Amino acid sequence: NAKNNLDEFILSKNYLEEKLNTTIFGLRHHYWAYDWKKPYLTYRKHENAGFRYDLSTAWQDDIGFKAGTSLPYFPWDPVRKRPIKLYSINTSIMDGHILLGNKPKRIKQMEASRLLKETLNENGVAVLDWHTESAINDFCFKNYLDTLEDLLEEVVSGSKFWITTPKILLEHWHERRKKFKSEVVS
1 NAKNNLDEFI LSKNYLEEKL NTTIFGLRHH YWAYDWKKPY LTYRKHENAG FRYDLSTAWQ
61 DDIGFKAGTS LPYFPWDPVR KRPIKLYSIN TSIMDGHILL GNKPKRIKQM EASRLLKETL
121 NENGVAVLDW HTESAINDFC FKNYLDTLED LLEEVVSGSK FWITTPKILL EHWHERRKKF
181 KSEVVS
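Residues 1 to 186 in this note's numbering are what the sequence shown spells out, letter by letter.
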């Protein structure tokens, strides 16, 4: 129930950090489950719990950039009238977007490939969410890993791209952002 309670966010984060003996910098809600009517309330909890990024903005059943951008951004808090100090990064493609649903897999692979190529051409950020358990590539996850490898091979072969973790991406993005930060002149 962490999504509904700041104390649970903090307890859960602390528990994981203690068990893993490392700092947790970001998260993605299971089933993209944050407050869709007032997402700033969820982002406030993230900020107050000490997270630096969130990967929960995504279409549940299809590829794309739900927030309309492929770049990290600070979500806006309309009540406090300020950005929330937490980077939001759209997750644009999930394994289930391609491998589940009624649309033919090949069509969905073509759409994902096109989205990745366009994002790469525009120097954007594409976050792919392939569930760790799908690495088995068998049983109910048959072809999950093969599909990811095919998609990446088709899109990135011969291209200049960067594969990294969200933490490293945001360290880079934050430094870049500071260079271009504007100041109010009175």
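Quick reminder that beta carbons are idealized off the backbone N, C-alpha and C, glycines included. This one's a predicted model, so the numbers in the text were calculated from it and none came from an experiment.
Taking residue 89 as the centre and dropping the five residues before and after it, the same chain places the C-beta of 53, 55, 72, 125, 127 and 166 closer than 7 Å to its C-beta, in chain order. Taking the CA atoms as reference points, residue 21 sits about 32 Å from residue 70. In the structure shown, residue 79 adopts coil according to DSSP, grouped into three states.
Residues of the same chain with their beta carbon placed closer than 7 Å to that of residue 80 are lacking, with the five preceding and five following residues left out of the count. By the beta-carbon neighbour count (other beta carbons within 10 angstroms, threshold 16), residue 65 is buried.
DSSP, reduced to helix, strand and coil, places residue 146 within a helical segment of the structure shown. Excluding sequence positions up to five before and after residue 34, its CB lies within less than 7 Å of the CB of 3, 42 and 56, all in the same chain and listed in chain order. Judged by pairs of C-beta atoms under 8 Å, the region 132 to 144 does not touch the region 168 to 183, as fewer than three such pairs exist.
Per DSSP, the unbroken beta strand (DSSP E) holding residue 91 starts and ends at 91 to 94. Distance check between residue 122 and each of 172, 62, 15 and 161 places 161 closest, using alpha-carbon atoms only.
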